Amino acid sequence: MPPEGSDSQAPAAKPASRPGPALPRSTPNRLDIPSIGVSAPFTALSLNRQGTLIPPPDTDSNLVGWYKAGPSPGERGNAIVAGHVDTKTGPAVFSMLNTLKAGNKVTVTRDDGILATFVVDKVQTYKKKDFPDQQVYGDTNDAQLRVITCGGAYDHTAKDYTANVVAFAHLTSFRWA
Numbered sequence: 001m002p003p004e005g006s007d008s009q010a011p012a013a014k015p016a017s018r019p020g021p022a023l024p025r026s027t028p029n030r031l032d033i034p035s036i037g038v039s040a041p042f043t044a045l046s047l048n049r050q051g052t053l054i055p056p057p058d059t060d061s062n063l064v065g066w067y068k069a070g071p072s073p074g075e076r077g078n079a080i081v082a083g084h085v086d087t088k089t090g091p092a093v094f095s096m097l098n099t100l101k102a103g104n105k106v107t108v109t110r111d112d113g114i115l116a117t118f119v120v121d122k123v124q125t126y127k128k129k130d131f132p133d134q135q136v137y138g139d140t141n142d143a144q145l146r147v148i149t150c151g152g153a154y155d156h157t158a159k160d161y162t163a164n165v166v167a168f169a170h171l172t173s174f175r176w177a
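Using full-length UniProt numbering, read the sequence shown as starting at 1 and increasing by one per residue.
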């Protein structure tokens, strides 16, 4: 623990190799990441015909999406949350995602009235061509969260970013909201 009055943070706890806490399925309704100023409602996401995640509509820059066919946040496995880094009108909900640090907290308010708290383990940027699908989307023994947005340079020809930013987090606690 850092000394009282210090601005330092204790290092993030490492995810357990054995199953940690997990919750039953429940639709998420709000995502809060105080360290980067995020407080956003959820919408459900699905896959397109090519099997890739359809992002939230870019008409609301403060909207995040949850992949509804996967685990819900707090449920055992990787819950996938995605949002825009920017839109045509300016910065969006995850414009600061790449500045998250290990140990930062992420909270999800769920429809069942539970507030699930996750701690960030790491934040990585991957070139789209080298995206580690299994590491990001693969199954886990505990409740984890993957928060994803675009990153890298913007390719004006492709009209897309060259990379993705992924925050990896694990469930540490839950309580009634």
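Backbone N, C-alpha and C define an ideal beta-carbon position, used for all residues, glycine too. Note that the structure is predicted; figures quoted are calculated from it, not measured.
Using the Cα positions of K128 and V165, report the straight-line distance between them to the nearest angstrom.
-> Residue mapping note: residue 128 aligns to position 128 of the sequence shown, counting from 1. Residue mapping note: residue 165 aligns to position 165 of the sequence shown, counting from 1. Rounded to whole angstroms, K128 to V165 spans 10 Å at the Cα level.
Alpha carbon to alpha carbon, how far is L47 from K122?
-> Here the question's residue 47 lines up with position 47 in the sequence shown. Here the question's residue 122 lines up with position 122 in the sequence shown. Taking the straight line from one Cα to the other gives about 26 Å.
Nearest to D171 (by Cα), restricted to the options Y161, T109, A163 and G151 | As a first step, residue 171 must be located in the sequence shown, where it is residue number 171. Checking the sequence shown, residue 171 turns out to be Leu, not Asp. If we check each option's Cα against that of L171, T109 comes out closest.
What are the partner residues of T117, as DSSP defines its beta bridges?
-> As a first step, residue 117 must be located in the sequence shown, where it is residue number 117. Beta bridge pairing from DSSP links T117 with T107 and S173.
Provide the residue span of the alpha helix (DSSP H) that contains D133, from first to last.
-> For the purposes of this step, residue 133 is taken as residue 133 along the sequence shown, with counting starting at 1. From DSSP, the alpha helix (DSSP H) with D133 extends over D133 to Y137.
Would you kindly check if the distance between the Cβ of A116 and the Cβ of G77 is under 8 Å?
-> Here residue 77 refers to the residue found at position 77 of the sequence shown. Here residue 116 refers to the residue found at position 116 of the sequence shown. Contact flag unset, no.
Contact set for P132: own chain, Cβ-Cβ below 8 Å, skip 5 residues either direction = By 1-based counting over the sequence shown, the position of residue 132 is 132. Contacts found: Y126.
DSSP three-state call for K88: helix, strand or coil?
-> Here the question's residue 88 lines up with position 88 in the sequence shown. K88 falls in the coil class under three-state DSSP.
C-alpha gap between D112 and H156, whole angstroms | Looking up residue 112 in the sequence shown gives position 112. Looking up residue 156 in the sequence shown gives position 156. Going by C-alpha positions, D112 is about 43 Å away from H156.
In three-state terms, what does DSSP make of L145?
-> Within the sequence shown, the letter at position 145 stands for residue 145. Strand at L145.
Do you know how far the Cα of V85 is from the Cα of G152?
-> If you number the sequence shown from 1, residue 152 lands on position 152. If you number the sequence shown from 1, residue 85 lands on position 85. One C-alpha to the other measures close to 11 Å.
If we count the other Cβ atoms within 10 Å of its Cβ and call it buried at 16 or more, is I54 buried or exposed?
-> Along the sequence shown, read from residue 1 onward, the residue named residue 54 stands at position 54. Counting Cβ neighbours within 10 Å, I54 comes out exposed, since fewer than 16 surround it.
Closest by CA to S26, which one among S72, A163 and W176?
-> Along the sequence shown, one-based indexing puts residue 26 at 26. For S26, the nearest C-alpha among the options comes from S72.
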